[in-house]
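Numbering (the numbering used here), first residue to last: 721 to 1269.
Only one structure is covered here, and it is reproduced in the block below.
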Amino acid sequence: MNRVLYLLVAFCSFWAQGQFIPAPDNVSYQEGSFVLDNSTGVVLEKISNDEGKALVQYLSKKIEDETAVKISQKKTTQKNIVFELTERADKELEDEGYKLKISSSEIRITANFRAGLFYGVQSLLQYVYSNNTQQPIQLANLEVTDSPNVKWRGFVLDVSRHFYSVKTIKEMLDLMAFYKLNVFHWHLTDNEGWRLEIKKYPKLTSVGAWRKEIPGSVIYKPDSTYVKKLDGKPFIYGGYYSQDQVKEIVAYAQERNITVIPEIDMPGHSGAALTAYPEFSCEKHIQETPNSTLWNGVVNPLDVNLNYCAGQESTFEFLEDVLTEVLALFPSTYIHVGGDEVDKSYWEKCDKCQVRMKEEKLGDAHELQSYFIKRMARFLEENDRKLIGWDEILEGGAPKNAMVMSWRGEKGGIATAKLKQEVIMVPSNPLYFNRYQDDPENEPFAASFSINTLEKVYQYNIIPDVLSEEEKKYIKGAQFAIWTEFISSVEHLEYILLPRMPAFAENLWSKPQNKNYEDFISRLHKGHFEYWKRNGIRFHPKEYQKSIY
C-alpha cells in the first residue's frame, strides 16, 4: 500500500471512528477499506430464510434510502455482507451482543441471536451514514465487539395528553432502534384521553378518546411552529389506535427488537374512561366532577385525578375485560397498570369503598390501593403476565412479584430492591425529557421542576450506591419519559428528544470504561447531527451550534 493511500485511509479511519453511538466495547482499525456500491451482495449463514430475508430487506432499504446504493439481496462474486448466527457458540457475546468485521472483500456481522444481528446492522448503518459524503462510499476496515451493559433500555411516551399518529410512533421506534433501545412503554390512557380500541366497551374511544379543547395562550419559544395557531374558539380534539393499528405497531417494533409495553392507568388517572362509563366511579365522582376530559395545554381544568371505585365488583370485571383484550394485542411479559397519584379522598367518602375496607380488614386507603393493585396482579399472573406499577404501588404493600418503576427520585427503587423485587429507574430528575433541557428563557414552554440537561442525562448513574451488590442486581434498567401536556407537535417532540435520547442510550448500553461525555459530543458532531438534518429531524441546537462556530 503506497504511503499516500495509507495516510488517506488512516485519516478516514480517524474521522469515522468517532461516529458509533452508543460507544462499543471494543473498536480496532486496520489498513484498507471496503467500497460499498451496487456490486455488494448478501450472504446468510446459519439463519433461517424468513428471518434472514427480513434483515436483508431492512438493511438494503435503509442503505438505498440514505445513499442511493442498491445492494444485491443475494451473494455476488465480488464482495458481500455476511449475516452469521453462531447458534450460541460465541461465549464472548451475550443475548444482544454482536461482532462487526469489515475487510476489503467482506462485511461480516456475527451474533448468537437475531437481536445481536440487528444491532450489528445499526452500527453498520451509523458507519455508512457518517461516510456518506464521500463517493464511492469507503468504509475503513475495522473490528467491533459489542454488547449492552444494561438489558432494559426504555422510552415512555404519553399519547393521552396529545395524540400521535401511527406514522409518528413508527418514527419513534426507528430512532429507538438506531440507538439500540429495546422497550417502548406506551402510555395509552389517562384523564385526558383513552387511545386504545376496546371492542367490548366502544364508548372508551367514541367518548373517551375525544375532548373539547380550550385554546390557551402559551407561546412556545423560540420557534413559533411549536404551537397551533388558535383563534379562541373551542374545538374537538383526540384520536385513538384501532386494534389492527396496534398489531401493526407491535409487529413493527418486534422487527426492531423492541418490546411494546402498554400502560392502562388504574385506579387513578382514569378520567377519560369514567367519562365514558361513569358507573365504574365512586358515587362522589359523579356528583362533584364535570362529565368531560378537558385539557388546554396549560392546566387540567378538572383539578382532580379521577379514580375507579374499589368498592364494587363491576369495576374489576370491567378492568379484567379491558385487560383481556389488551393481552391479546400485546405479547409482552409485563403489563403496566399505572398505580400513581391516586386521590384516595374519594375512596374515603365512598360508601362502597368503606364497606370493602371493612370486609377485607383494610386499615386505611393506602391498603385499599394495595388490595386493588394486588387483584390486578393476580389476574395478570393467571394469564402468565406480570404487573408493573409506578412507585406508589409500594404504599400499603406492593404485589410480591410486581416490577416497580421509580419516578419520584430513587427512594422507591431503593426500597423495592431491598425487598428483592425488580426495579426500573425513571427518576423525573433527570429522566423526564418533557422538562427543560436548557435555560427556560430560550426554550419552548415545559414542565419546570428541574432542568434535565444533556450532560445530566448522560452522567446519571441508574444504580444507587447505597445498595449492596446483591440488591443492585434487582435494578434491571431504566427508561426516560416524555409526558406530553405541553408537546402538541412532532417537531416539538423531536426537539426535546434529541440529542438526549442517544445520550441516554449510551449511558445504559456502554460499559462505564467506554463512556466519555466530551467524546460523545464529538461523535454527535461527526456522524449524527448532519444525519438528522438530512432527514428533516428536529433536534436541540445547542451542541450543534457549538460545532459550527
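Every residue, glycine too, gets a C-beta built ideally from N, C-alpha and C.
**Asked** Whole-angstrom Cβ separation of THR925 and GLU917, contact assumed at under 8 Å?
**Response** 5 Å
**Request:** Check each candidate in ALA835, TYR957, ASP1084 and ASP878 and name the one with the smallest Cα separation from ALA897.
**Result:** ALA835
**Request:** Return the bridge partner residues of ALA774 from the DSSP annotation.
**Result:** None, per the DSSP bridge assignment.
**Asked** What residue from ALA1137, ILE1108, ARG881 and LEU1100 has the CA that sits closest to GLU1189's CA?
**Response** ALA1137
**Asked** What do you reckon, are the CB atoms on LEU1187 and GLU1263 nearer than 9 Å?
**Response** no
**Prompt:** Looking at C-beta atoms only, is the number of pairs between the segment 1080-1094 and the segment 1059-1067 that lie closer than 8 Å three or more?
**Reply:** yes
**Prompt:** Terminal residues of the continuous beta strand (DSSP E) containing GLY874?
**Reply:** 872-878
**Identity of the residue in VAL879, LEU895, SER1126 and GLU891 nearest TRP930 by Cα** = VAL879
**Item:** CB of ILE1195 within 9 Å of CB of GLY1133, strictly
**Value:** yes
**Simplified DSSP state of LEU1100, which is helix, strand or coil** = The answer is helix: DSSP assigns LEU1100 an H, G or I state.
**Message:** Looking at the secondary structure, which residues open and close the alpha helix (DSSP H) in which ARG1283 lies?
**Reply:** The displayed coordinates of the chain run from 721 to 1269. Any statement about residue 1283 would go beyond what the structure contains.
**Request:** Mind the definition here: the segment 996-1005 touches the segment 962-981 only if three or more C-beta pairs lie below 8 Å; say whether that holds.
**Result:** no
**Asked** So, are the CB atoms of GLY1247 and PHE740 less than 9 Å apart?
**Response** yes
**Request:** Just the C-alpha distance for ILE939 and ILE1207, rounded to the nearest angstrom, thanks.
**Result:** With a pLDDT of 40 at ILE939, under the threshold of 50, the modelled position of that residue is not reliable, and no figure is offered here.
**Item:** Limits of the unbroken alpha helix (DSSP H) element including ASN1227
**Value:** 1220-1229
**Message:** Quick check on DSSP: helix, strand or coil for LYS1131?
**Reply:** helix
**Message:** Can you tell me whether LYS1106 is helix, strand or coil according to DSSP?
**Reply:** DSSP places LYS1106 in strand when its eight states are reduced to three.
**Reduced DSSP secondary structure (H/G/I, E/B, other) of ARG931** = strand
**PRO998: first and last residue of the uninterrupted alpha helix (DSSP H) it sits in** = Here PRO998 belongs to no alpha helix (DSSP H), and DSSP marks it neither H nor E.
**Prompt:** For TYR1028, which residues does DSSP report across the bridge?
**Reply:** Beta-bridge pairing links TYR1028 to SER1001.
**Asked** Taking C-beta to C-beta, are GLU983 and VAL1057 nearer than 9 Å?
**Response** yes
**Asked** Is the beta carbon of GLN777 less than 9 Å from the beta carbon of ASN861?
**Response** no
**Prompt:** Taking the alpha-carbon positions, what's the GLN1157 to LEU877 distance?
**Reply:** If you take the alpha carbons of GLN1157 and LEU877, they lie about 17 Å apart.
**Request:** Determine the burial state of ASP910: buried for a count of at least 16 other Cβ atoms within 10 Å of its Cβ, exposed for fewer.
**Result:** ASP910 is buried by the Cβ-count criterion.
**Message:** Using 8 Å for Cβ pairs, my map puts GLU826 next to VAL802. What's the rounded Cβ distance?
**Reply:** 6 Å
**Request:** Could you have a look at ASN1121 and say whether DSSP puts it in helix, strand or coil?
**Result:** Coil.
**Prompt:** Whose C-alpha, out of HIS1260, LYS1176, LEU756 and HIS1212, is nearest the C-alpha of THR787?
**Reply:** LEU756
**Asked** GLN974 to GLU891, Cα distance in whole Å?
**Response** 14 Å
**Request:** Pull up the CB-CB distance for SER1230 and PRO742, whole angstroms please, since I reckon it's below 8 Å.
**Result:** Indeed they touch by this definition, with Cβ atoms about 5 Å apart.
**Request:** Alpha carbon to alpha carbon, how far is TYR1178 from GLU1226? Give it in angstroms, no decimals.
**Result:** Cα to Cα, the separation comes out at about 7 Å.
**Request:** Determine the extent of the alpha helix (DSSP H) in which GLY1247 is found, giving its start and end residues.
**Result:** 1237-1247
**Message:** Let me check one thing: in DSSP terms, what residues is ILE857 bridge-paired to?
**Reply:** LEU756
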